[in-house]
Amino acid sequence: MLRSIDRFVDLSSIREHLKPFYSEVGRPSIDPELMIRMLIIGYCMGIRSERRLCDEVHLNLAYRWFCRLGLEGDVPDHSTFSKNRHGRFRESDLLRRLFETTVERCMAEGLVGGEGFAVDASLIRADANRQTG
0 MLRSIDRFVD
10 LSSIREHLKP
20 FYSEVGRPSI
30 DPELMIRMLI
40 IGYCMGIRSE
50 RRLCDEVHLN
60 LAYRWFCRLG
70 LEGDVPDHST
80 FSKNRHGRFR
90 ESDLLRRLFE
100 TTVERCMAEG
110 LVGGEGFAVD
120 ASLIRADANR
130 QTG
């Protein structure tokens, strides 16, 4: 599936769209294309946790290939996603729109279905009273 997505979806313009959010001074930032590619993997493979997503990309060679990391490339820390979401992109929905546009393109090509996620959970009544402090 990732090969098909890579063939049909051009992510090279992401850097240009996000350029105003990045500084030229200081250490280099995490490549926004890498972040979008990782989010696509999470979406397609049902990986909801950013921590688990980073672990999976670190270990899975197909994911590393899709993210252009090779064997030696560093996988960003899971906190990179929340720092960008709550910091750099807090006032803008650009990152979300780029991700949604990419997913829509994948859906148009028949690469993903747009289904929801299923969650397996147990509901257990707690012996706690919300009225007491």
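Quick note on numbering: numbering that gives the first Met the number 0 labels position 77 of the sequence shown as 76, and the sequence is numbered without any gaps. Heads up, the beta-carbon is just placed ideally off N, CA and C, and yes, glycines get one too.
Supposed close pair residue i, residue j - CB separation, criterion 8 Å
| i | j | result |
| --- | --- | --- |
| E32 | I46 | Their Cβ separation, rounded to whole angstroms, is 18 Å, which puts E32 and I46 out of contact at 8 Å. |
| L68 | M0 | That belief does not hold up - the Cβ atoms of L68 and M0 are roughly 18 Å apart, past 8 Å. |
| T101 | L10 | 7 Å |
| I13 | C105 | Contact doesn't hold; Cβ gap of about 15 Å is too wide. |
| F7 | E108 | 5 Å |
Extent of the continuous alpha helix (DSSP H) run through residue i
| i | result |
| --- | --- |
| G41 | 31-44 |
| F65 | 60-65 |
| L17 | 13-17 |
| L1 | 1-7 |
| F20 | Neither: F20 is in no alpha helix (DSSP H) and is coded neither H nor E. |
| R78 | Looking at the sequence shown, residue 78 is not Arg but Ser. 78-82 is the extent of the alpha helix (DSSP H) around S78. |
Own chain, CB closer than 7 Å to residue i, minus 5 neighbours either side, in chain order
| i | result |
| --- | --- |
| F98 | I35, L38 |
| A117 | Note on A117: pLDDT 43, under 50, position unreliable in the model; the coordinate value appears next. Hits under 7 Å: none found. |
Residues near residue i by beta carbon distance below 6 Å, same chain, minus five either side
| i | result |
| --- | --- |
| E49 | H77, F80 |
| R51 | none |
| V74 | C53, V56, H57 |
Contacts around residue i, its chain only, beta-carbon distance under 8 Å, and the 5 residues preceding and following it disregarded
| i | result |
| --- | --- |
| I40 | L1, I46, L52, E55, V56, Y62, F65, C66 |
| P19 | none |
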